[in-house]
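Below: one structure, written as structure tokens.
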Amino acid sequence: MLADVVPYLVCPVCGAGLELADRALLCPTGHTFDIARHGYANLLPGNARPGTADTPEMVRARDEFLQAGHFTIPADRLAWNVARTRPSLVLDAGAGTGHYLSRALDRSPDTIGLALDISKHAARRAAKAHPRVGSVVADLWRPLPLRTGAADTVINVFAPRNAAEFHRVLRDDGSLFTVTPSPRHLSTLVEPLGLLSVDERKTERTDAALAGYFKLDSRQELETEAVLTHEEIVTLVGMGPSAHHVPAERLRERLERLPDPLPTPLSFVLSTYRRLE
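Each step along the sequence shown adds one to the number in full-length UniProt numbering, with nothing skipped, and position 40 is 40.
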């Protein structure tokens with residue numbers, strides 16, 4: 001619920017605390033941010049890019065894909081690791097529809113969650129993902145609209161990583177959990193579908209991007225396989241970087257040459273980082 005996370009939020013323009021007033025969030029200096037009737041708040045400043053290329057149909061397809069349980073292994077393992085930290089507030093940076101945050105809150109009954117995403121369509125779904133989720137539209141590459149040291153835990157699943165801001169909003173002993181694809185993710189589909197392969201050094205580059213702000217605490221490789229229909233593969237490819245590399249129409253043409261449904265390798269890296277002083 002948005003009201004539960006308002007005490008942790010700040011104005012993205014001036015950095016002052018925000019208060020809930022009817023259908024808006026207000027700061028003492030007069031900046032006002034609307035609360036949509038669907039329950040999320042838009043905290044993009046006026047000079048920010050207004051949204052995402054994701055359409056409501058794309059968000060709906062991704063939500064259906066996740067709800068079908070194809071990514072249950074990383075979702076459950078992430079939720080278990082988050083619960084061990086006993087957080088009061090979990091920030092999901094790049095939350096999408098709130099699927100992973102919702103699973104984490106199911107395992108942490110005394111925790112509230114803040115879902116941040118630049119997509120208003122995703123934020124709309126995240127607002128309804130769980131009774132203890134507050135959903136906010138925000139740009140991860142800008143200063144996050146969150147008080148310094150407000151979050152006990154940050155989770156970041158297949159989303160951009162703003163190391164400096166994650167470090168700022170985490171408490172001193174806070175944890176950052178990331179989920180990224182391994183080079184084996186969708187590996188059997190790369191050649192026949194013309195997909196981008198995952199960089200062999202992706203995990204190393206993630207560590208390097210966080211260096212100076214976080215240190216690696218632990219890492220788990222999660223391997224599974226799903227039998228996916230062609231439409232599910234189109235949705236899955238659309239959730240990654242190949243969405244901008246292979247048009248959906250071309251992807252469907254190439255899929256016609258392959259069995260339907262199709263066994264597909266899924267491979268993830270779950271990393272836990274500790275905040276550096």
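All residues carry an ideal CB built from backbone N, CA and C; glycine is no exception.
When C-beta atoms of the region 161-175 are compared with those of the region 126-135, fewer than three pairs fall below 8 Å, so the two segments do not count as touching. Bridge partners of Asn-42 according to DSSP: Val-137.
Setting aside the 5 residues that flank it on each side, Ala-3 is surrounded in the same chain by Leu-20 and Gly-134, each with a C-beta closer than 8 Å to its C-beta; the list follows chain order. Contact between the region 111-119 and the region 11-25 is absent: fewer than three C-beta pairs spanning the two stretches fall below 8 Å. Per the Cβ contact rule, the region 91-101 is not in contact with the region 265-274 (fewer than 3 Cβ pairs under 8 Å). The beta carbons of His-99 and Ala-75 sit about 7 Å from each other, so the pair counts as a contact at 8 Å. Contact annotation: the region 66-75 does not touch the region 147-156, with fewer than three C-beta pairs closer than 8 Å. For the region 201-240, the full-length alpha helix (DSSP H) segments reaching 4 residues or more read 202-210 and 230-238 along the chain.
Comparing alpha carbon positions, the residue from Leu-236, Thr-29 and His-244 closest to Ala-226 is Leu-236. As DSSP reads the structure, Gly-96 sits in no beta bridge. For the options Leu-25, Pro-45 and His-31, the alpha carbon positioned closest to that of Gly-39 is the one of Leu-25.
Each of Ala-16, Glu-277 and Ala-41 was checked against the Cα of Gly-30, and the nearest Cα belongs to Ala-16. Only exposed fits His-244, as fewer than 16 other CB atoms lie within 10 angstroms of its CB. By the Cβ test, the region 204-221 is not in contact with the region 241-257, since fewer than three Cβ pairs between them sit closer than 8 Å. The Cβ atoms of Val-10 and Pro-145 lie closer than 7 Å to each other. Looking at the backbone, the Cα of Val-82 and that of Ala-104 are separated by about 7 Å. Taking every protein chain shown into account, the CB of Pro-87 has 16 or more other CB atoms within 10 angstroms, so this residue is buried. A distance below 8 Å between beta-carbons, with the five flanking residues on each side excluded, links Cys-14 to the following residues of its chain, in chain order: Cys-27, Thr-29 and His-31. Counting the other CB atoms within 10 Å of its CB gives Thr-55 a total below 16, which places it among the exposed residues.
Excluding sequence positions up to five before and after Gln-67, its CB lies within less than 8 Å of the CB of His-99, all in the same chain and listed in chain order. When the alpha-carbon of Ile-35 is set against those of Arg-62, Met-1, Ala-61 and Pro-181, the nearest one is in Met-1. In this structure, the beta-carbon distance from Val-234 to Leu-251 falls below 7 Å. Per DSSP, reduced to three states, the secondary structure at Pro-74 is helical.
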